[in-house]
Structure formats: C-alpha cells, structure tokens
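Here's the structure we're looking at; comments come further down.
In this note's numbering, the protein residues as written are 865 to 1064.
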C-alpha cells in the first residue's frame, strides 16, 4: 500500500511539473558594415592624375588607385577582380564592407610635418588617439570628413598606381606638398550586389 501511494505521488508530480523551455542563444549584434549602405568610390579631381580613379584599401591605408594596381583583399566570391574598396558610412563613421569582422577607417594624428593626417584602417583593434567620426555623404553622394579635405599623395606621381589618402585640416593653407599631393572628392555609388571582403 505504501508503495502504491508513493508511486502515485511521483506520477502526479511528474504531470504537474512545468516544462522548462530549451535555452536559446541571442543573435550576435550586427556590425556597422551590415547596417549601412555599401558603396564604392570614384575620385573627382579635375585636371589632376586623380580624376576618375577608384578608392581602394590596402596595406592598412585608404588609397586612390589607377589601372595596374591589385588590391589584396580576400573576398567571399573568391574573385581577384575587386580593386575597389566597398565602404559603408554609418553614424558618422566609415567602415569597410567586411562581414563577420570589424574593419574600420580612422584618421591618424598629424605627424607628417605637412598638416596631413593619414587615413588608415585596421581589423578589430583600433589605435588609440585616432579620429573615427566626421564622415558624411552630401545630397550628391559625395564623401566628406568634417576635419578637412581629402588629399592623396605619391612619392613619384609619374609612375605611381597607388596614392595614399590623407586629411588636411580645414584651417590649413594650400594643399601640402603641391605637385605630389592633390585634393579630391569621392563620389560614392551604391552597390546593387555588394561582396564582403577582408582587406589586408
């Protein structure tokens, strides 16, 4: 009799016990590159070698590049034909379109001696003391930074296929090192089918 009562109590307890839902993992927060609009840049700089060239990202620098330059990005479609950098402006910051890993554009402090601040990028880690914000697109989808004008420089303008991008302060005088540096403005065009790349 005691055995019967104990068995009945166990059975009723099992029936009455609420079932616990299986644990669920919360989705990972999206990277800024996933939240903005991916675009590629064409440089506007009339009467200079930089006119109608492309924006690229290589060697941890933003570059203006010409035909003959090969970007070392590793892209999801396994193609070697991606010589444009795909960029995303989000909340005033500029990111490379690299899904799964954060690759962000930054502006260094002025250590060039010419009032120029290099525009670089890094993966995950961002150096301390750099500027991240100030990026915007105007109504003509031209890319600007509030810290100054965009300038690209090359050691040998006659042969260079890659020009390093800098920001020159709005308070500065004529473009530094005129003749090896030119001011430019990128026009940013939306990608219909953007491809995620990891930039080297």
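Just so it is clear, CB atoms sit at the ideal spot from N, CA and C, and this is done for glycine as well.
Q: Determine the direct distance from the alpha carbon of residue 965 to that of residue 901, and round the result to whole angstroms.
A: Here residue 901 refers to the residue found at position 37 of the chain shown. Here residue 965 refers to the residue found at position 101 of the chain shown. Distance between the alpha carbons of residue 901 and residue 965: 17 Å.
**Q.** residue 1001 versus residue 1011: straight-line alpha-carbon distance, rounded
**A.** Here residue 1001 corresponds to residue number 137 of the chain shown, with the count starting at 1. Here residue 1011 corresponds to residue number 147 of the chain shown, with the count starting at 1. Distance between the alpha carbons of residue 1001 and residue 1011: 14 Å.
Q | Neighbourhood of residue 993 by C-beta, 8 Å cutoff - its chain only, sequence neighbours within 5 removed | A | Within the chain shown, the letter at position 129 stands for residue 993. 973.
**Q.** Per-residue DSSP class, three states only, for residue 1050
**A.** One-based indexing of the chain shown puts residue 1050 at position 186. Here residue 1050 sits in strand by DSSP.
Q) Would you report the Cα separation of residue 996 and residue 984, rounded to the nearest angstrom? A) To locate residue 996, count along the chain shown from 1; it is residue 132. To locate residue 984, count along the chain shown from 1; it is residue 120. Answer to the nearest angstrom: the Cα atoms are 10 Å apart.
**Q.** Inter-residue spacing [alpha-carbon to alpha-carbon] between residue 924 and residue 941
**A.** For the purposes of this step, residue 924 is taken as the residue at position 60 of the chain shown. For the purposes of this step, residue 941 is taken as the residue at position 77 of the chain shown. Cα-Cα distance, rounded: 22 Å.
Q) Quick one, which of 1013, 910, 944, 949 has its alpha-carbon nearest residue 980's? A) Along the chain shown, read from residue 1 onward, the residue named residue 980 stands at position 116. Comparing Cα-Cα distances from residue 980 to each of 1013, 910, 944, 949, the minimum goes to 1013.
Q | Proximity winner among 962, 1039, 1053, relative to residue 1059 (alpha-carbon distances) | A | The count along the chain shown starts at 1 and reaches residue 1059 at position 195. Nearest C-alpha to residue 1059: 962.
Q: Mind checking which residues open and close the alpha helix (DSSP H) that includes residue 909?
A: Translated into the one-based positions of the chain shown, residue 909 becomes position 45. Note, residue 909: premise wrong, no alpha helix (DSSP H); not H, not E.
Q) Looking at the structure shown, is residue 871 part of a helix, part of a strand, or coil, going by DSSP? A) On the chain shown, residue 871 is found 7 positions in, with the first residue counted as 1. Note on residue 871: pLDDT 46, under 50, position unreliable in the model; the coordinate value appears next. Helix, per DSSP.
Q | CA nearest to the CA of residue 1033, picked from 998, 917, 939 | A | Translated into the one-based positions of the chain shown, residue 1033 becomes position 169. Considering only alpha carbons, the answer is 998.
Q: Find out if the Cβ-Cβ distance for the pair residue 957, residue 967 is shorter than 8 Å.
A: As a working note, residue 957 is residue 93 in the chain shown. As a working note, residue 967 is residue 103 in the chain shown. No, these two residues do not count as a Cβ contact at 8 Å.
Q) Going by DSSP, which residues form a beta bridge with residue 956? A) Your numbering for residue 956 matches position 92 in the chain shown. DSSP, once it has assigned bridges, lists no residue as partnering residue 956.
Q: Determine the DSSP secondary structure at residue 1063, reduced to helix, strand or coil.
A: Within the chain shown, residue 1063 is the residue found at index 199, counting from 1. Note: residue 1063 maps to coil in three-state DSSP.
Q.
I need the boundaries of the beta strand (DSSP E) containing residue 899, first residue and last residue.
A. Residue 899 sits at position 35 when you count from the first residue of the chain shown. That residue, residue 899, is in no beta strand (DSSP E); its alpha helix (DSSP H) goes 896 to 899.
Q. Is the CB-CB distance between residue 1050 and residue 907 below 8 Å?
A. In the chain shown, the residue the question calls residue 1050 occupies position 186. In the chain shown, the residue the question calls residue 907 occupies position 43. Contact: yes.
Q: Buried or exposed for residue 1054, please, with buried defined as at least 16 other CB atoms from any protein chain shown within 10 angstroms of its CB.
A: Working through the chain shown from its first residue, we reach residue 1054 at position 190. Label assigned to residue 1054: exposed.
Q. Between which two residues does the beta strand (DSSP E) harbouring residue 918 extend?
A. Translated into positions along the chain shown, residue 918 becomes position 54. Counting along the chain, the beta strand (DSSP E) containing residue 918 begins and ends at 918 to 922.
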